[in-house]
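Visitor:
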Amino acid sequence: MPSPGCLVDESTRDASLFSRYFPTTTTHHTGLMRSMTMSPPAATTPEPDGDDESHELLLQAQGHYISHRFEKAVALLKQAAKRGSVQAAVNLGAIYINGEQGKVPKDYPRACKWYLQALTLTTNATPINCTPDLLDIVQRFTDIFKLHQVDRDQNPFEWKQAYEKLRTMEKKLNQESDPVEPNDNETPRKEENYRRAIRIVILLTRGLMSYDISDHKKAASCYRKCISVPPSTLEESLSLQQTALLNLQQFLPNIPQDTATASPLSIDIPHTDAASLLTSPSTPSEDAKLLTDLLVSPVACANCGKEKLLMPICSKCKVIKYCNTQCQREHYKLHKLECVPKSK
60 MPSPGCLVDE STRDASLFSR YFPTTTTHHT GLMRSMTMSP PAATTPEPDG
110 DDESHELLLQ AQGHYISHRF EKAVALLKQA AKRGSVQAAV NLGAIYINGE
160 QGKVPKDYPR ACKWYLQALT LTTNATPINC TPDLLDIVQR FTDIFKLHQV
210 DRDQNPFEWK QAYEKLRTME KKLNQESDPV EPNDNETPRK EENYRRAIRI
260 VILLTRGLMS YDISDHKKAA SCYRKCISVP PSTLEESLSL QQTALLNLQQ
310 FLPNIPQDTA TASPLSIDIP HTDAASLLTS PSTPSEDAKL LTDLLVSPVA
360 CANCGKEKLL MPICSKCKVI KYCNTQCQRE HYKLHKLECV PKSK
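Okay, so the sequence shown: first residue is 60 according to our numbering, each after it adds one.
#1: Assign lysine 165 to one of three DSSP states: helix, strand, or coil.
#2: Kindly list the residues whose CB is nearer than 7 angstroms to the CB of glutamate 250, restricted to its own chain and excluding five residues on each side of it in sequence; keep chain order.
#3: How far does the alpha helix (DSSP H) with tyrosine 222 in it extend, from its first residue to its last?
#4: May I ask you to verify whether the segment 370-382 touches the segment 290-302, counting CB pairs closer than 8 angstroms and requiring at least 3?
#5: Once you ignore the five residues that flank alanine 148 on each side, which residues in its own chain have a CB closer than 6 angstroms to its CB?
#6: By how many angstroms is the C-alpha of threonine 227 removed from the C-alpha of isoleucine 156?
#7: Measure the alpha-carbon distance for alanine 361 versus lysine 392 and round it to whole angstroms.
#8: Enumerate, from N- to C-terminal direction, the unbroken alpha helix (DSSP H) stretches of 4 or more residues contained entirely within the segment 273-304.
#9: Taking 8 angstroms as the cut-off, does the segment 180-189 touch the segment 156-166 (at least 3 CB pairs, one atom from each stretch)?
#10: Quick check: the segment 276-291 against the segment 212-224, are at least 3 beta-carbon pairs closer than 8 angstroms?
#11: Along the chain, where does the alpha helix (DSSP H) that runs through lysine 395 open and close?
#12: Using the C-alpha atoms, what's the distance from glutamine 146 back to glycine 122?
#13: Alpha carbon to alpha carbon, how far is isoleucine 196 from lysine 365?
#14: Indicate the three-state DSSP secondary structure (helix, strand or coil) for isoleucine 257 in the structure shown.
#15: Alpha carbon to alpha carbon, how far is glutamate 389 from asparagine 306? Give it in angstroms, no decimals.
#16: State buried or exposed for glycine 266, treating a residue as buried only when at least 16 other CB atoms are found within 10 Å of its CB.
#17: According to the neighbour-count rule (16 or more other Cβ atoms, all chains shown, within 10 Å of its Cβ), is cysteine 363 buried or exposed?
#18: Could you pull out every residue in the same chain whose Cβ sits closer than 6 angstroms to the Cβ of cysteine 398, ignoring the five residues on either side in sequence?
#19: My output table needs one value for lysine 375: the three-state DSSP class, helix, strand or coil.
#20: Where does lysine 380 fall in DSSP's three states?
#21: So who's on the other strand from glutamate 112, going by DSSP bridges?
#22: Taking the alpha-carbon of glycine 152 as reference, which of Thr264, Glu235, Lys137, Met268 has the nearest alpha-carbon?
#23: Reducing DSSP to helix, strand and coil, say where proline 105 ends up.
#24: Name the two residues that bound the continuous alpha helix (DSSP H) containing glutamate 130.
#25: Can arginine 255 and serine 236 be called in contact, C-beta distance under 9 angstroms?
#26: Which value, in whole angstroms, describes the spacing of the CA atoms of leucine 48 and cysteine 386?
#27: Starting from arginine 199, trace the alpha helix (DSSP H) both ways and give me its first and last residue.
#28: I need the boundaries of the alpha helix (DSSP H) containing isoleucine 156, first residue and last residue.
#29: Below 9 angstroms between beta carbons: does that hold for leucine 180 and glycine 143?
#30: If you reduce the DSSP assignment to three classes, tell me which class threonine 264 lands in.
#31: Going by the CB atoms, is the gap between cysteine 281 and leucine 304 shorter than 9 angstroms?
#32: Can you tell which of Lys276, Ala134, Ala278, Ile257 has the C-alpha that lies nearest to the C-alpha of threonine 404?
#33: How big is the Cα-Cα spacing for aspartate 110 and leucine 116?
#34: When the Cα atoms are used, what is the spatial distance from aspartate 166 to phenylalanine 129?
The structure is reproduced here in structure tokens:
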């Protein structure tokens with residue numbers, strides 16, 4: 060499995076290309092969200108996406124990339140992105156996140172720029188078309204800030220642009236959300252399900268970004284909003300809301316001393332393909348119970364052994380816990396070899 064933020068799987072480069080967003084007229088390949096997979100069915104492709112010429116540029120770039128002519132592929136993708144192609148912008152973001160040894164250096168601020176362009180193009184539509192692809196783009200984009208690949212001190216312009224884009228995007232998504240009636244236990248329709256999941260990702264990320272600049276009031280507000288988003292049936296969304304709940308605990312009075320001074324944290328676990336995360340419907344009461352399941356007796360960090368009452372849990376296996384982000388990062392290479400998704 061690729062590491063967090065990794066979009067490139069070298070073993071499948073030629074077979075599956077370098078993003079789910081490349082157009083294709085052949086069979087669709089499945090795989091990890093962060094591997095280079097073929098385009099999904101047209102019904103889930105982000106819109107708008109340029110014109111016929113940008114589509115042709117994407118196909119040409121695809122051929123150059125498969126042949127390891129990365130500089131030519133990048134040049135063609137930039138042309139397509141200028142013509143309004145979301146796919147091209149996303150692929151450029153992926154390339155600059157991962158780099159290509161000796162060809163294209165890693166450049167996180169530049170990756171941020173291209174993901175911002177992709178989100179701007181996608182969110183210009185009214186209403187925003189909430190799909191698995193848009194959720195994937197938001198996850199990739201927010202990972203840049205969760206992993207501090209772009210921070211306000213070193214990249215103030217990109218950081219502020221991203222923070223504002225996430226704010227306005229979440230506000231628009233909230234305004235476009237389906238109304239939720241009291242005691243409404245019905246499963247949300249598919250698009251609303253993804254809208255909620257995207258809002259949860261954005262609000263947790265804004266909370267973390269706010270905390271990073273010592274704006275604790277805003278961070279707490281974002282965590283509260285994240286927790287208050289109506290339940291989504293995407294499993295990872297519940298895990299993110301659990302993290303928001305734990306982070307919010309740091310700002311509340313009357314909590315144990317060992318957690319009162321702890322920094323709000325996030326556990327960055329590799330995302331599986333968003334389309335595969337749909338689980339059986341759950342009721343609000345069940346979700347509320349799950350959100351408080353982590354508030355138990357002290358447990359030990361899987362990396363350093365430190366005990367705390369409140370610790371985020373791996374969103375995939377639901378077993379391994381960490382006391383802070385550094386411990387999670389240090390333990391990731393070992394844990395990924397044995398991490399098994401919790402059975403349904």
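C-beta: ideal position from N, C-alpha, C; glycine also.
Guide: With the given structure in hand:
#1: coil
#2: Cys189
#3: 215-234
#4: yes
#5: Ala140, Trp173, Gln176, Ala177
#6: 24 angstroms
#7: 13 angstroms
#8: 275-287
#9: no
#10: no
#11: That residue, lysine 395, is in no alpha helix (DSSP H); it is neither H nor E in DSSP.
#12: 15 angstroms
#13: 35 angstroms
#14: helix
#15: 21 angstroms
#16: buried
#17: exposed
#18: Lys375, Cys376
#19: coil
#20: strand
#21: Paired residue(s): none; glutamate 112 is not in a bridge.
#22: Lys137
#23: For proline 105, the predicted structure reports a pLDDT of 36, less than 50, and the residue's modelled location is therefore unreliable. A value from the coordinates is still provided. Proline 105 falls in the coil class under three-state DSSP.
#24: 129-141
#25: yes
#26: Past the edges of the chain, shown from 60 to 403, lies residue 48, and the structure says nothing about it.
#27: 191-205
#28: 145-157
#29: yes
#30: helix
#31: no
#32: Residue numbering for the chain in the displayed model covers 60 to 403; residue 404 lies beyond these limits and cannot be assessed.
#33: 10 angstroms
#34: 15 angstroms
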